[in-house]
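Read top to bottom, the protein sequences are chains A and B. The opening residue of the first sequence carries number 37 in my numbering; numbering runs sequentially from there. The opening residue of the second sequence carries number 1376 in my numbering; numbering runs sequentially from there.
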Amino acid sequence: MKQTLRRLPHARVDAGKPIRFTFDGQHYEGLAGDTLASALLANGVGVVGRSFKLHRPRGVLGSGKEEANALVQLERGEYTEPNARATLVPLYEGLEACGQNAWPNVHSDLFGALGLFKRLLPASFYYKTFMWPSWHRWEWLVRRIAGLGTAPQSADPQTYLKQNVHADVVVVGAGRSGLEAALEAARDSACRVLLIDEQEEAGGSLLASPSDADRAWLAAALREVAARENITRLQRTTVNGYYDNNVLAALERLGNHLGPAGAGPVRERFWRIFAGRVVLATGAIERPLVFPNNDRPGILLASAVREYSHRYGLTLGERIVFYTNNDSAWRTALELVEVGLPVTAIIDIRPAVDTALRQRAEDAGITLYPGTAVTNTRGRRGLRRLVLHRLTGQGEALGAPAGTLDCDVLAMSGGWTPTIHLYSQSGGQLRYRDGDACFVPERAHQAVTVVGRANGEFPEPLHLQPQWLTPGVSPEHQWVDFQYDVTASDIQLAARENFVSVEHVKRYTTNGMSVDQGKTSNVNGLGVLALATGRPIPEVGTTRFRPPYHPTTIGAYAGIELGGLYTPFQQLPAHAAHVAAGALFEDYGAWQRPACYPQPGEDEDAAVAREARAVRSAVGLLDYSPLGKLEVHGPDAREFLNRVYLNNIRTLEVGAARYGLMLNEAGIVIDDGVLVCLAEDHFLLHTTSGGASTIHQHLEEWLQCEWTDLAVIVNNATTQWATLMLSGPRARSVLQQLDSDIDVGREAFGHMQYRAGRLLGQPCRILRASFTGEVSFEISVPASCGQALWEALMQAGAAQGIVPFGIETLMLLRTEKGYLHVGADTDGNTMPQDLGWGGAVAKKPDDFIGRRSLSQPVGADPDRFQFTGLELLEPDARTVSGAHVLTAAGESTAGYVTSAYYSPNLNRSVVLGIVAGAREREGEVVTIFYAGRRQRARLVKPGAYDPAGEAFNG
Amino acid sequence: MDNLARRTVLASATLEREQFRVTENSALGLIRLQTFHRKPGAVDHLAARLGAPLPGPGTTRAGQDRQWFWSAPGEWVIAVRAGTEDVVLAELRAQLDGLFAVLSVMTDSRIVLDVGGASAREVLARGSTVDFHPSRFGAGSCVLTRFAGVPAMLACPYGGDVILLFADRSQARYLLEWFEAASVDCE
């Protein structure tokens, strides 16, 4: 490549603003307005990358998204980004980039010798070569040699946001067609128009036009857009996905053009766009021609040469030659001549070309080679010479040699491919247009319109003559997919091996699977496949495009949902008091709850043991607020709950509470809790902590879908109330110190009773139920009083030795007591008879949810896993939840340990489980297996602590 | 021992940026009204007793000393001055005597956030797919949605750039932290 010492005068770069950058450790200077690619070309850097498989030296091919060669590793450390397209990286001060997939650098790559073994490395050679002895033996070597860039090793420190937006009309692309569409839509002042463009500035291909008229039109259009209040512009924004219901996804680059040092608070913003109608003005991408060694640095798309010259003011070479099969490249060549660039020849595979074009070219002093093909290129790290042959007939065969032609830049054009990726994603159907050898939109599936080149509307006729590969010469080095080193011979090989479907050929050869997703290779690949299989292209078909259209930063998908905001969390009403008390918080569902309150020098086990001893011997206080509290109202409330619960609710008296089980329609236990009758038509239903929403939905589903005649209203009051559990032999005396109109005396307020009244001046609800096995009061006050109640009880209990205790301590205590924890001691098959509730089922006269399923034969299987206690027989033995209980033969699983703790009160392990046929096997010794160890245990009744149940009445 | 003191959820924690602010609105008391809407005419009977039409889906309506928000079929949230819930409750119970309607105080279960500032609608649109453009979400609008991953009701009773966000009180801290992260560019 030729270094550009002085930019052409009409370029859109600022000659007064030099910008320093480095590439592969070398220092260079570009100008404001440059991309990394244009700046490298301006500095005469020809080799900017290495190919994926063969490590062939590669130069810049295109000027935008279609770029297949100039992939660079951008920046270092935590800011590094692999596979950045140099054509899309705006130059900023201090930019650092290096080539990829090369050692020590792209200019002198040690693995470049692989190119000599091309014939040994055809498509999917790895499927055939590395079979023996195992792919994994080879994997490390292959991964070392082949690859694209290096993933960052540390977390990305940059911030990404997500944004939703609605618009009546979304226009994608701000070239001429897009700007016209946006202005047209915006004539209706009530119409919200969103105009999205991926480039650094709006204008599309107009930015590369040397025409004063084009530039004036663009400036006027942008002024009009700015004046329209109902047009919102998103620049530097790429629409990457088009989904059902006209939802689009786009990535806005807010700070990339400033680099890590200069970027603002947000690097990128991920947009979800809800569109009434979409207008796709996404333009078209020029195709390469397929000929031997067409991947040599110095060979560019003609459109890229046009852009680098007119937009960036580069001279590129000393001898620029065009090679084409259509008219558009001729016009580009003539434009270049007009600005003084040295276009020396045009080679065209067509034997005849439009007379006017031909005359203009001859007048410009350009040597013409009609009906001629390039059959080879020369030059080690950059193009030096072309080898030419005449073509016969319509280009189907090679004729006589036509000599060689010296040049340092070859601008090629194999036609144009409308950018229909988003249209394809939207579900729109395509048809193949023979005349221009391209797919164009045919029938939309959503409210989308395609305009301009994306719709195949080229400004002037192409008069294209397709040439999918060069005939008469080996296809071995005729590159189709530059990035993944797929050649015409690879596609032919796939066809020979009976890959017929274009989708299969794509995956077998990897054509179109690389970072650029085949933007320059797909149609050429189809053409080669069509020739190889003797089918017309419409019959071969095309692959369906999928999101994303262009790679999207993973950080943008994550947005702010990281770290503490990874998922929503809930906090207890007395959260601050728990923090002050030194709680060790853990996540229980979404709730942040104290697991325990370790004192200095204590680990979690020691803290739990201390708290458990205190609850058994004195009193403890637990924040129990997540306990589900659903209120059921209505004249049919009792009837409804009688159908919902396995228990008989008809006999539940006002003010009384009853423990109940809830099943789903399959008879599986889904929840348990205490149901309180507040009034004849008003019940308070407690669910497992964290289960309130699920059970609320369960109830609503039955009311709204099945029993619509029942006059019942349910509301979820869980977080209206802070609930504290005061538990232990001294609980009553602590509570009695607080001023209340509720008599909490032993005789006045018995176990499984409920009272409502006032406590320290606030409304309160107190339930006498116990999940610890000790005397317990579950005290609820309005949530805003939760912290005050916590503090009051801790103060009142200080002299009684009160301790705060956490969920892990509660779990230990209830396991000592043998209390079931639904979800922990049950699985997705547990029926009430597995828990010893078979009698209750039989006694209940009424129907209830799940009853019918309980009578299925599976419910009577004697080997059902049943809830049981397990007594470990070895002294000081311990086990864990999840350990297997083995069959008698000891070879397979016949149950599991579901809860296991070491009890500081009993000085031994307390274990619960579900074991096959456990109820009939009480006293039997079984084997527990975990992590390679076997232990003996006896099946016993659950409840090692206080089996007589005296403590909770104390 | 002293009576139990009520405390606000966020204990005066606010988010103040040049273009965006979030503050806890502790001046509102909330009452939920539910009726058995599946019974034909139930909502009409309710409105007749109340002497005013009830707001329909997606809307809110101002009364003399209270604001009504539609929150589900047959369900409304009534915002009143904090501390007057019991008075309003008694008044409503008297009006609706004999009808199957459930009234319950829900002040403690909710956090109400005033979300304001020039960037308020833009930041809100980072947490929900609701169309917050003033032409679509103007005065009198009310919507139930999933905001920042949690169930929420958003309302714009009076228009302008102040929008009320109602969510479960247990998620107040999460929402404040979410807003802080989501408005990082609003300085």
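Glycine included, every Cβ here is placed at the ideal spot set by N, Cα and C. On a predicted model such as this, the values are computed, not experimentally measured, just so you know.
At 8 Å on the CB atoms, spell out the chain A contacts of residue i, in chain order.
| i | result |
| --- | --- |
| V1525(B) | P604 |
| A1380(B) | C821 and A824 |
Is the shortest distance between the beta-carbon of residue i and the beta-carbons of chain A less than 8 Å?
| i | result |
| --- | --- |
| E1409(B) | It is worth fixing the name first, because residue 1409(B) is Gln in this sequence and not Glu. With 8 Å as the cut-off, Q1409(B) counts as an interface residue toward chain A. |
| F1475(B) | yes |
| S1516(B) | no |
| A1437(B) | no |
| A1556(B) | yes |
| T1389(B) | no |
| Q1394(B) | no |
Taking the alpha carbon of residue i as the reference point, which residue from the options has its own alpha carbon closest?
| i | options | result |
| --- | --- | --- |
| L795(A) | R782(A), Q789(A), P765(A) and T759(A) | T759(A) |
| Q395(A) | G418(A), R417(A), L370(A) and L377(A) | L370(A) |
| A878(A) | N683(A), L909(A) and A47(A) | N683(A) |
| Q503(A) | T411(A), T545(A) and L393(A) | T411(A) |
| H499(A) | T556(A), P387(A) and L424(A) | P387(A) |
| T915(A) | A925(A), R972(A), T923(A) and G985(A) | R972(A) |
| T440(A) | S449(A), A433(A), H425(A) and G429(A) | H425(A) |
| Y681(A) | R416(A), N491(A) and L721(A) | L721(A) |
| Y1549(B) | T71(A), G82(A), A299(A) and Q606(A) | Q606(A) |
| G908(A) | R414(A), P898(A), N751(A) and V961(A) | This sequence places Leu at residue 908(A); Gly is not what is there. It is V961(A) whose Cα lies nearest to the Cα of L908(A). |
| E736(A) | S725(A), T724(A), N751(A) and W873(A) | N751(A) |
| N558(A) | A531(A), E844(A), A568(A) and D517(A) | D517(A) |
| V207(A) | L746(A), L284(A) and G709(A) | L284(A) |
Could you tell me the boundaries of the alpha helix (DSSP H) in which residue i lies?
| i | result |
| --- | --- |
| I181(A) | W171 to I181 |
| T1520(B) | No alpha helix (DSSP H) contains T1520(B), which is instead part of the beta strand (DSSP E) from S1516 to F1522. |
| W743(A) | Here W743(A) belongs to no alpha helix (DSSP H), and DSSP marks it neither H nor E. |
| Q528(A) | A524 to R532 |
What does residue i touch in chain E if you count any residue whose Cβ is under 7 Å from its own?
| i | result |
| --- | --- |
| G600(A) | Within the model displayed, chain E is absent; protein chains A and B are what it includes. |
Any beta-carbon of chain B closer than 8 Å to the one on residue i?
| i | result |
| --- | --- |
| L732(A) | First, the residue type needs correcting, since residue 732(A) is His and not Leu in the sequence shown. Output row for H732(A): interface = no. |
| A753(A) | yes |
| Q798(A) | yes |
| G300(A) | yes |
| H669(A) | yes |
| Q430(A) | no |
Can you have a look at residue i and say buried or exposed, based on whether 16 or more other CB atoms are within 10 angstroms of its CB?
| i | result |
| --- | --- |
| I590(A) | exposed |
| E205(A) | The amino acid occupying residue 205(A) in the given sequence is Val; Glu does not appear at that position. Answer is buried; the Cβ neighbour count reaches 16. |
| Y790(A) | buried |
| K101(A) | buried |
| W1445(B) | buried |
| Y602(A) | exposed |
| N534(A) | exposed |
| W171(A) | exposed |
| N943(A) | exposed |
| Q1409(B) | buried |
| G211(A) | buried |
| Y359(A) | buried |
| G854(A) | buried |
| S74(A) | buried |
How far does the beta strand (DSSP E) with residue i in it extend, from its first residue to its last?
| i | result |
| --- | --- |
| N119(A) | E117 to R121 |
| G435(A) | A433 to D442 |
| V916(A) | Element bounds for V916(A): n/a, residue is neither H nor E. |
| L658(A) | G656 to D659 |
In chain B, what lies closer than 8 Å to residue i by C-beta?
| i | result |
| --- | --- |
| V201(A) | A1500 |
| V615(A) | What V615(A) touches in chain B: nothing, since even the nearest Cβ is about 11 Å away. |
Identify the contact partners of residue i in chain B, using a Cβ-Cβ distance below 9 Å as the criterion.
| i | result |
| --- | --- |
| V894(A) | Result: empty, since nearest Cβ-Cβ is about 36 Å, beyond 9 Å. |
| R308(A) | T1504 |
Can you pull the chain A residues whose beta carbon is under 9 Å from the beta carbon of residue i, in chain order?
| i | result |
| --- | --- |
| Y1533(B) | Those do not exist, as Y1533(B) stays about 22 Å from chain A at its closest Cβ, beyond 9 Å. |
Using a Cβ cut-off of 7 Å, pull out every chain B residue sitting near residue i, in sequence order please.
| i | result |
| --- | --- |
| Q607(A) | S1545 and R1548 |
| Q756(A) | M1481, D1483 and S1484 |
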